[in-house]
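Let me begin by presenting the structure, written as structure tokens, before commenting on it.
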Amino acid sequence: MTAPAPKPWILGIAPYIPGRATSEDGRKVAKLSSNENPFGTPEAARAAYRDAATQLERYPDAAAVDLRAALAAHYGVEADRLIYGTGSDEVLHLAAGTFAGPGDEIIHVRYGFAVYEIATRRVGATPVVVADRDYATDVDAILAAVTERTKVVFVANPNNPTGTYSARDDIARLHAGLPRSVLLVLDQAYTEYLEPEDDDGGLELARTQPNVLVTRTFSKIFGLASERVGWGYASAEIINAMHRIRAPFAFSVGAQAAAIAALGDADFVAHSRSHNRMWRGWFAEQVDALPGLRAVPSKANFVLVLFEGAVTAEVAYKALMAAGYATRWLPGQGLPHGLRITIGTEAEMRDVVAVLRTEVERAA
Ligand code: PMP
103 MTAPAPKPWI LGIAPYIPGR ATSEDGRKVA KLSSNENPFG TPEAARAAYR DAATQLERYP
163 DAAAVDLRAA LAAHYGVEAD RLIYGTGSDE VLHLAAGTFA GPGDEIIHVR YGFAVYEIAT
223 RRVGATPVVV ADRDYATDVD AILAAVTERT KVVFVANPNN PTGTYSARDD IARLHAGLPR
283 SVLLVLDQAY TEYLEPEDDD GGLELARTQP NVLVTRTFSK IFGLASERVG WGYASAEIIN
343 AMHRIRAPFA FSVGAQAAAI AALGDADFVA HSRSHNRMWR GWFAEQVDAL PGLRAVPSKA
403 NFVLVLFEGA VTAEVAYKAL MAAGYATRWL PGQGLPHGLR ITIGTEAEMR DVVAVLRTEV
463 ERAA
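In short: position in the sequence shown from 1, add 102, done, that's the working numbering.
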């Protein structure tokens with residue numbers, strides 16, 4: 103008897119490796135490896151979660167009516183043009199699954215979010231990986247990679263793991279250069295960390311264009327990563343098609359209530375953003391002052407540190423882990439010389455710099 107055969111493209115998928123919260127020997131460490139909010143969850147969201155999660159035997163609202171209404175009011179988007187999923191991860195999967203299949207191509211950048219390749223291969227499509235421009239998204243390289251088989255382009259802005267940002271003009275040029283038959287997925291997981299003047303125009307494109315999907319998440323600045331609340335905004339036609347394949351009950355009653363409450367806590371968001379701006383800037387300066395280390399300019403809540411001298415990223419990763427800090431070393435993503443470090447509390451950032459400085463001095 104033969105066993106069920108996985109589709110050949112499924113076995114070509116390298117499994118996603120989540121950020122660590124423990125060291126190799128099981129010690130709990132400070133987690134600077136998954137770009138979560140160091141301030142936790144807004145108190146109002148915790149309370150709403152507790153109050154809502156009372157009837158655990160009942161299914162949640164499959165249509166997420168209240169959450170969609172809250173999103174519509176907050177962002178000025180139409181409630182009936184929203185898709186949602188178990189984290190924006192799922193929304194990315196829905197985009198690939200709705201618009202691509204075997205024989206089709208999906209483009210993403212070389213140093214891009216790992217889920218793009220998984221979502222592409224999962225549906226039997228072919229990932230087309232384009233080069234960066236000094237770690238930043240290269241619009242011309244993406245446009246040059248488009249063929250008649252291209253169905254989707256994934257672009258994160260700011261990008262993960264580089265933290266780099268594509269300005270409004272670049273995104274407009276990218277969209278203008280794509281055939282209307284190609285879906286441009288603008289993944290804005292970190293958009294709330296941008297300054298207001300840095301609006302990349304994504305929501306406006308999704309509002310007015312037939313081929314743009316913007317994705318967002320409650321996992322980052324809103325401090326709700328455990329609850330897996332992601333959403334997307336696009337034309338009615340795109341959303342209508344995507345709804346056909348989503349899981350009927352994307353997120354729990356508690357998750358929906360917590361997300362609505364988090365959306366309303368403007369102070370928490372503003373405080374998270376200003377802390378992040380300040381300590382990201384400080385951290386990048388400190389890193390750049392260490393010989394052999396370089397911080398890639400970031401507009402997100404993390405910094406990609408490049409190790410180009412005597413200290414390797416692997417050595418720094420291990421030293422930080424030994425000191426109680428989990429960071430993200432990325433050899434599997436073509437960055438054996440890179441560590442992605444989430445901006446944590448002031449004490450954490452000072453300590454991380456001290457550990458890096460010790461390693462540089464040791465290697466000198
Ligand atoms: N997009 C990007 C660029 C990300 O970095 C992440 C989180 N690592 C996600 C999407 C997915 O986030 P979530 O599924 O928690 O919404």
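We treat Cβ as the ideally placed atom computed from N, Cα and C, and that holds for glycine.
From residue i to residue j, what distance separates their C-alpha atoms?
{"i": "residue 445", "j": "residue 430", "result": "12 Å"}
{"i": "residue 288", "j": "residue 310", "result": "14 Å"}
{"i": "residue 356", "j": "residue 283", "result": "38 Å"}
{"i": "residue 399", "j": "residue 387", "result": "10 Å"}
{"i": "residue 304", "j": "residue 268", "result": "11 Å"}
{"i": "residue 323", "j": "residue 238", "result": "22 Å"}
{"i": "residue 155", "j": "residue 331", "result": "16 Å"}
{"i": "residue 413", "j": "residue 395", "result": "8 Å"}
{"i": "residue 182", "j": "residue 240", "result": "33 Å"}
{"i": "residue 161", "j": "residue 354", "result": "8 Å"}
{"i": "residue 134", "j": "residue 411", "result": "23 Å"}
{"i": "residue 178", "j": "residue 370", "result": "21 Å"}
{"i": "residue 120", "j": "residue 137", "result": "11 Å"}
{"i": "residue 242", "j": "residue 248", "result": "10 Å"}
{"i": "residue 341", "j": "residue 157", "result": "30 Å"}
{"i": "residue 300", "j": "residue 180", "result": "23 Å"}
{"i": "residue 126", "j": "residue 109", "result": "33 Å"}
{"i": "residue 275", "j": "residue 302", "result": "11 Å"}
{"i": "residue 197", "j": "residue 448", "result": "38 Å"}
{"i": "residue 298", "j": "residue 114", "result": "41 Å"}
{"i": "residue 153", "j": "residue 452", "result": "38 Å"}
{"i": "residue 378", "j": "residue 397", "result": "15 Å"}
{"i": "residue 231", "j": "residue 260", "result": "18 Å"}
{"i": "residue 235", "j": "residue 383", "result": "22 Å"}
{"i": "residue 172", "j": "residue 106", "result": "45 Å"}
{"i": "residue 128", "j": "residue 167", "result": "42 Å"}
If contacts are defined as beta-carbon pairs under 8 Å, then residue i and residue j qualify, I think. What distance do you get, rounded to the angstrom?
{"i": "residue 290", "j": "residue 169", "result": "Between residue 169 and residue 290 the Cβ distance is about 17 Å, and since that is not below 8 Å, they are no contact."}
{"i": "residue 146", "j": "residue 327", "result": "With 8 Å as the limit, residue 146 and residue 327 do not qualify as a contact, their Cβ atoms being about 17 Å apart."}
{"i": "residue 176", "j": "residue 365", "result": "5 Å"}
{"i": "residue 293", "j": "residue 318", "result": "7 Å"}
{"i": "residue 253", "j": "residue 206", "result": "4 Å"}
{"i": "residue 455", "j": "residue 385", "result": "7 Å"}
Quick one: residues in its chain with C-beta nearer than 8 Å to the C-beta of residue i, no 5 flanking neighbours on either side, listed in chain order?
{"i": "residue 345", "result": "185"}
{"i": "residue 419", "result": "429, 431, 441"}
{"i": "residue 132", "result": "426, 427, 428, 446, 450"}
{"i": "residue 325", "result": "138, 139, 141, 142, 143, 144, 147, 364, 370, 374"}
{"i": "residue 149", "result": "363"}
{"i": "residue 312", "result": "282, 337, 339, 340"}
{"i": "residue 390", "result": "396, 397"}
Considering only residues of the same chain and omitting the five flanking positions on each side of residue i, which have a CB-CB separation below 7 Å?
{"i": "residue 229", "result": "208, 210, 219, 222, 223"}
{"i": "residue 314", "result": "277, 286, 288, 307, 308, 336"}
{"i": "residue 217", "result": "118, 191, 194"}
{"i": "residue 200", "result": "343, 344, 347"}
{"i": "residue 124", "result": "130, 131"}
{"i": "residue 122", "result": "135, 428"}
{"i": "residue 104", "result": "none"}
Could you tell me whether the Cβ atoms of residue i and residue j are closer together than 8 Å?
{"i": "residue 193", "j": "residue 381", "result": "no"}
{"i": "residue 417", "j": "residue 461", "result": "yes"}
{"i": "residue 458", "j": "residue 392", "result": "yes"}
{"i": "residue 438", "j": "residue 465", "result": "no"}
{"i": "residue 273", "j": "residue 255", "result": "no"}
{"i": "residue 251", "j": "residue 233", "result": "no"}
{"i": "residue 116", "j": "residue 436", "result": "no"}
{"i": "residue 401", "j": "residue 279", "result": "no"}
{"i": "residue 349", "j": "residue 329", "result": "no"}
Ignore the nearest five residues each way along the sequence and tell me which others in residue i's own chain have a CB closer than 6 Å to its CB.
{"i": "residue 442", "result": "263, 404, 406, 430"}
{"i": "residue 215", "result": "258, 262"}
{"i": "residue 352", "result": "186, 187, 188"}
{"i": "residue 321", "result": "327"}
{"i": "residue 338", "result": "183"}
{"i": "residue 226", "result": "111, 203, 204"}
{"i": "residue 367", "result": "144, 146"}
{"i": "residue 422", "result": "429, 457"}
{"i": "residue 164", "result": "350, 351"}
Please indicate yes or no: does the CB of residue i lie closer than 7 Å to some heavy atom of the ligand ATP?
{"i": "residue 332", "result": "As for the ligand ATP, it is missing from this structure, which binds only the ligand PMP."}
Nearest chain B C-beta to residue i closer than 8 Å, yes or no?
{"i": "residue 411", "result": "Of the protein chains in this structure there is only one, and it is not chain B."}
Item to complete: Pair every Cβ in the region 137-157 with every Cβ in the region 361-375, then say whether three or more of these pairs are closer than 8 Å.
Response: Output reads yes: the region 361-375 touches the region 137-157.
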